[in-house]
Every structure is written in structure tokens, then in C-alpha cells.
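Enquirer: Before I ask anything, let me first share the structure, which is written out below as C-alpha cells.
Residue numbers (our numbering), protein chains in the order written: chain A, 7 to 403; chain B, 7 to 403.
Pasting the structure below:
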């Protein structure tokens, strides 16, 4: 199958006892010939390589496809074990299953006996789809900051391109959490006739001022790392300290005061008495953040962090209704499920309810659930028991 | 008056119509001879210069003194206009009154017709009291990271030293917000016989895991600034980008989602359409944080930021009761007023109530008020109308 692109680097077939029908780590190249992709922010880009994975089998009616959209630092590898990982994610992928493996698989809530599940990495990422660390064919050098600005609208357009390529006119469901929820929403707004069900977790129609502020600090840290060098760092040391600061900060916003209190409290890190130093690691929570950041910078690209957080900043679903969210929501024909979590302070319940309210005002029937949870924004990845029931039920109607 | 120290750099007398009895920007040097100050974390320090200001007049009974303790980046200049500022704070102080001028002055809630008000800069600061940017007399060079670790307990001890020096056995009240509330609490715990009234605003007995985490990211940013050079940056470029990141982050935690939403929303900065760039300033909230940070780095020392945030990290009032807060609180004999603000998420109402509850369990009568406010942690500096009534009433009983 090669309509507009070509396969490369394919790893086929089941590699793990549970991985029935998994075809993973596939790549397709679009816009190799003909006009480039016109980006919503005004730029153009070609060619574009997209990394995606699929799980389960497409039925004969081609109407059992479920698209999952990943979050900020996620990738196409949703489920199963990748036993032969390649590239910069090698070590990261080798020792853990896909990022939503609890939800996707045979007899799991998003049941691969029943559904053909697709997840593709977003444009601008460093995880397989074309992004700023890729070579610009015109210059033969990595794009860096010459990479054009990409937006959630472009991600959605490229997903539609992929669905066309896979011969999928209809999505049984589009599902996403956080930024992925916004991308799924954008697809349902832009191509309402192609989405039958829309599930949005931990996301609102747009980020609030506080979220914009945190992203601004994260980018400030990256840009002011002396190794950043205006984004041209690929042949030298990378801006790891700045990216680490961004990740530590992000990590705090994904948790909640309550969950951090439970998990770490004020416990010291492997000592009974502090060292009384202004610069060392004293508390467990410091050690945890440092460790998380070290793991992260080994597998993520700072330029991608800049582009993707900025895309999240820009996103505002209400542009589909001339800044009237209800008018925008009236475009959607999909059945709707929105889930918020009580302690999420990046997309707090009020933010999700704003979207739900707009959908209701637009005359749409919405299933909305606010789940009491101490796990903050990350709850959509943690509260799997509760979400499993919700998603399983919603996909059954 | 010179008991153990000496005046230097005094600016006397009323400089402003309202500044009756103000004597500002005074310095006293302690531990010039004799044993140095033994610090709670184990170090020693001498000599120690303390900058303090007073407002109003001490009465004959010497029982009308009110001590105000400042917050993280505050200084001794609480009230009035300093028309002849010197040193690094020159530009900062010239164009604005003291940081709590709305609360302190003639006929104001902390009435300088009635009270003799004192505020002194904390140890480790860069605002007049000895800190890491001061010259170490042994080496003739700035202390930098050779400055010993200071704690809230040391701040309290040094305040007592200053009170002794001023001939004040009794404080009519000790008052502080945020970190200043913790310092006031520490004084009432360590020297209960000297504090008749204790007013704590926006502070708990200790910082939670989330607060520790934010401070860790702030310090990470400073320490990883290439100009930091292990704290020895005083004869070269300073770690401004790292300190700016710390301040931007801190600033977010002082506000609330609601107040940021009201103040900035998602408005673009002086443009109708974004520039679509991953590195520039697009939103008003970004511009605001950048501007605030630029002002801040011009007037604050990065090493002081490290030491003072760490001191806040370490502080836990329950050490006075062998980690039992009620047992600690039983030491206090002062009348108690604790004020929290509904949207404060650095010291949230639950954190303040933990302290109040411990005081109650210790058999103390506490006046506790949780003020509904959208202004977050900064509310203690913003909600002056409400606080004025509370403090005025509390100081009248």
C-alpha cells in the first residue's frame, strides 16, 4: 500500500504474546512530490515523514478505526512492547510498554479484538514524525528554528492525510488526553463527518493564562541555556540544563499538591539530617524531579519542546466559531464524552466544563464526568480503572 | 546608642509629609568582637551587619513595639518614601513607597502614632543585612557559596539580638506574611515571653512538597546559568537568565489561575495576530513575566535567592515539639491571628488551618480568618482593605 508515501523502517507482526495484530513503528512520507503542506500559521513544509503504529485489524466495512492522539511528550507507541526499538528512543522503549498499554489491547477498554487502533506522532516532534531535529532537504542541515511554526490544526490535517492514506473515511472514535484531547477536538471540528465519537480527557478548548505562563518559563529556560545557540546545537552539546528545568516544571504541573504531598511529603533524600547546602539535593521531591528530568533530556529534543508547547499555547477551539465556542461546537456531529479530574490544575474541571457547556449550548448531547482524583493532570494516565469503565461503555453505544 | 554595634549609613528624620517619626535605612553591626553567631545549621558567622528601619516612637513603657517580618524578596523598607536611597536598591526604592506602606503609617492599621514599628532585613539577603554578596573579612572577597547556611531560626535569633540592642524586651506584636509569617512564628516559639501578639498571614508551619519542588526548579535554573560559576560571579557577568527564570516561576506561584486569567487572559501582546514563533513574546502574560523578571534581576542577588529559598524549604515549626506541631504550639503565649486566602496555593488555607488546628489542640485561642480572594499568595499584599480591618481590630485587644 503506497498512495502518496512509502514505508520505511517497518517492524511487523506480533512481538509479544498479547500483541495480536500489532504493526508498529511504521513510517510514511507525504508531500514528496506535488505542493507542500500549507501550514495554518502561513509556512509550508515538504516532505513530511509520519511515524505511526496500529493495533488490531481493520474490519471489512472499514468502520472500526479508533484514533488516539498523544500528549506533549508522547509518541505513536501507545501499546505493547517494542522488542526491537531503534533510534533515540531505543533505551526508553525497550523496558516499558506503550504509554497507554493499560487501555489499549486485546480485551482492554479500547479492545484490539474489536477496534483498529491508530496513533501517529505529531508534526514537530522528535519521535519519528518530521520536526526541527530532522534534516531540511534544502540545506542538508537540521531545521532547528528554521522549522516552520506548526499548530494543532496542522496536526489534525496531517492525521486526516494519514487516514486517507490508510483508506479510512470514518473514525469510530477519536480519543485524546491533554494536548491529545485538543487535537482530537480539532479533528472533530475540522472534519466532523469523519468522527463518530469524540473522547476528550483532561483538556479544555484552550489553555489559560497560568498554563501560558508555565510554558513561557519553560521556553525561557531552554532558550537561555548557553548550549541552545539559537536552536543550532545538533552538532555540539545540547541545551540539557534548560530542557531539564522545563521538564521539572512541567512535571510539577502534571501532578497535584495532594499527590506530591502523599508521594514525597517533606522527606529527606536518603538521609536523616539535611546537608544544609543551598545547592544540593536535600528532599525526595527534588531528587525525583532531577531524576525525571535526566531521563527526559536523554530522549527529547529541546527545539521540539519549544514548538509543541507553543502550538498548545496558540490552540483555541473557538476560532471555528469566530471566537464563540458554542458556535464552534455546533460543527461537531460526533457523540461526545468529556472527562475532567478534580485536582487537574493545568486543564482544571472549570476549563473542561467551559467546553461541555459550549457543546450543550450548541444543542449537542455530552456525557461529562468529573472524576474525583488526587493525581492532577496526569490522572488521565493514572486513573485507569475509572476511565476504563467510562471509555468501554462509551465505545459500546 | 551603641551596645554591641555601630550605626552606619543612617538616614534620619521625616523625609515625606506623612513620615512622622520615621528613621530609616539604619545599620548596626553585631558580633564585631567576642564569639560569632552560632548558626542553627552548624556554621558560625561574624561580623553581621543588620539593616533595619523604624517608624513612630517608642513609648516610655517601651511596650508599643511592633516587629514586621518581610517576605522572600522583601527588605527593611516597609513604609514611607526613601528620598535618598543608596546602594543597589537606589532605583528600586526611589520611585515607590515601602512594600507595606498601605498598612504602616500615621492613622493606618499599624498606626505609627501609636506603635513603634521595626522591620529588619534577614540574614542572607542582599538588601542591607549580611549575605553571600558581602565581603568575607577573612578572605577580602565576597562570600558566595562559602556563606554559611542560614535558617529561619537564625533570622529569629538575630531579630532578638536587634530587639535587645534597641532595648525592647516586649513586642506588642510580631507580624509577617509568607516567609515573614514563619519568621514571626519562630520568634513566638523561641522567645514566647517576648511576643504579646502574633499575626501570621499566608503562611503555614512548613512548606509542602509542591512548594519544595518549585524552589528546586528555581535553584536549578540559577545554578545551571553559565554565569553562576559556583557562586563566584561578582566580578563578572551575573547569572541573570537563571535568576529571571526563578523569578518568573516564583511570580506564577504568588498569583492564582483566576487572577492571571482576569489580568491577562489569552490576550496577545500589542498585536492582533501572533508572530507564530516558538521563541518570541506572544501573549501579555509572557511579556508581564519577562518585564517583572528584568526588574527583579536588576535588584536581587542570585546567591541570596538560593540561600533564602533553602531556608524556607528547611523551616518546620514542629521541631519545637519534636515534630508534634501542637506540642510546639503549646510554647506560644501570644494572642494569635492567622489569616489565609482562598486562592493561595503556595500556603493554601489547608496549610494555614493545620497550624491553627495545632494551636487549638495546644489549648490556645486563635482568631482564624480565611479570606475569599482571587489574588493567590500575594493577597496578603493586595487585600489591604480586608486585612486592615482585621489587623486594626486585633491590635486593639
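Ideal Cβ positions, reconstructed from N, Cα and C, are used throughout, including at glycine.
Note that the coordinates shown come from a computational prediction; the quantities given were computed from them, not determined experimentally.
Who does residue 50(A) pair with in a DSSP beta bridge?
Expert: 44(A)
Enquirer: With respect to the alpha helix (DSSP H) encompassing residue 186(A), which residues constitute its N-terminal and C-terminal limits?
Expert: If you look at residue 186(A), you'll find it in the alpha helix (DSSP H) that goes 185 to 196.
Enquirer: Taking 8 Å as the CB-CB cut-off, is residue 322(A) touching chain B?
Expert: yes
Enquirer: With 16 other CB atoms within 10 Å as the buried threshold, where does residue 88(B) fall?
Expert: buried
Enquirer: Distance check for residue 75(A) and residue 163(A), CA to CA, integer angstroms please.
Expert: 13 Å
Enquirer: Mind listing the chain B neighbours of residue 216(A)? Cutoff is C-beta to C-beta under 7 Å, in chain order.
Expert: 258, 263, 266
Enquirer: Over what stretch of residues does the beta strand (DSSP E) that includes residue 361(A) continue unbroken?
Expert: Per DSSP, residue 361(A) belongs to no beta strand (DSSP E); it is in the alpha helix (DSSP H), 355 to 367.
Enquirer: Name the two residues that bound the continuous alpha helix (DSSP H) containing residue 164(B).
Expert: 158 to 171
Enquirer: Using CA atoms only, rank isn't needed, just tell me which of 63(B), 186(B), 71(B), 140(B) is closest to residue 317(B).
Expert: The option with the nearest alpha carbon to residue 317(B) is 186(B).
Enquirer: Once DSSP output is grouped into helix, strand and coil, what is the label at residue 393(A)?
Expert: helix
Enquirer: Would you report the Cα separation of residue 184(A) and residue 279(A), rounded to the nearest angstrom?
Expert: 39 Å
Enquirer: With burial defined as no fewer than 16 other Cβ atoms inside 10 Å of the residue's Cβ, what is the status of residue 44(A): buried or exposed?
Expert: exposed
Enquirer: Cβ of residue 351(B) less than 8 Å from any chain A Cβ?
Expert: yes
Enquirer: Quick one: which chain A residues come within Cβ less than 9 Å of residue 295(B)?
Expert: 219, 222, 223, 226
Enquirer: Just reading off the alpha helix (DSSP H) that residue 259(B) is part of, what are its end residues?
Expert: 246 to 260
Enquirer: Which bits of chain A does residue 437(B) rub up against, with CB to CB less than 8 Å?
Expert: Residue 437(B) lies beyond the residue range present for chain B, which begins at 7 and ends at 403; the question has no answer from this structure.
Enquirer: Taking buried to mean at least 16 other C-beta atoms within 10 Å of its own C-beta, is residue 220(A) buried or exposed?
Expert: buried
Enquirer: Using three-state DSSP, classify residue 346(B) as helix, strand or coil.
Expert: strand
Enquirer: Straight-line CA distance for residue 178(A) to residue 108(A)?
Expert: The straight-line gap from Cα to Cα measures roughly 20 Å.
Enquirer: In chain order, what residues of the same chain lie with their CB nearer than 8 Å to the CB of residue 175(B), ignoring the 5 residues before and after it?
Expert: 68, 169, 200
Enquirer: Spell out whether any CB of chain A is found under 8 Å from the CB atom of residue 280(B).
Expert: yes
Enquirer: For the alpha helix (DSSP H) holding residue 312(B), just list the boundary residues, first then last.
Expert: 308 to 320
Enquirer: Strictly below 7 Å CB to CB, what residues from chain B border residue 229(A)?
Expert: 285
Enquirer: Residues of chain B with CB closer than 9 Å to the CB of residue 289(A), please, in chain order.
Expert: 215, 218, 219, 222, 319
Enquirer: Considering only their Cβ atoms, is the gap separating residue 237(B) from residue 155(B) smaller than 8 Å?
Expert: Going by beta carbons, residue 155(B) and residue 237(B) fall outside the 8 Å limit.
Enquirer: Would you identify the three-state DSSP class for residue 111(B), choosing helix, strand or coil?
Expert: strand
Enquirer: Closest Cβ-Cβ distance between residue 239(B) and chain A: below 8 Å?
Expert: no
Enquirer: Is it buried or exposed for residue 216(A), if we count other Cβ within 10 angstroms and need 16 for buried?
Expert: buried
Enquirer: What does the Cβ neighbour count give for residue 304(B), buried or exposed, with the cut at 16 atoms within 10 Å?
Expert: Per the 10 Å Cβ criterion, exposed.
Enquirer: Provide the residue span of the beta strand (DSSP E) that contains residue 204(A), from first to last.
Expert: 203 to 207
Enquirer: Look up residue 301(B) in the DSSP assignment and say whether it is helix, strand or coil.
Expert: helix
Enquirer: Give every residue of the same chain whose Cβ lies closer than 7 Å to the Cβ of residue 255(B), excluding the five residues on either side of it in the sequence, and list them in chain order.
Expert: Shown here for residue 255(B): same chain residues with a beta carbon closer than 7 Å to its own, the five before and five after excluded, namely 220, 223, 224 in chain order.
Enquirer: Going by other Cβ atoms of all chains shown within 10 Å of its Cβ, with 16 needed for buried, is residue 141(B) buried or exposed?
Expert: Here residue 141(B) is exposed. Its C-beta has fewer than 16 other C-beta atoms within 10 Å.
Enquirer: With distances taken from CA atoms, which of 211(B), 167(B), 173(B) is nearest residue 182(B)?
Expert: 211(B)
Enquirer: Below 8 Å, can you find three or more Cβ-Cβ pairs linking the segment 259 to 276 of chain B to the segment 325 to 332 of chain B?
Expert: no
Enquirer: Would you tell me roughly how many angstroms separate the C-alpha atoms of residue 105(A) and residue 86(A), rounded to the nearest one?
Expert: Residue 105(A) and residue 86(A): Cα-Cα distance of roughly 9 Å.
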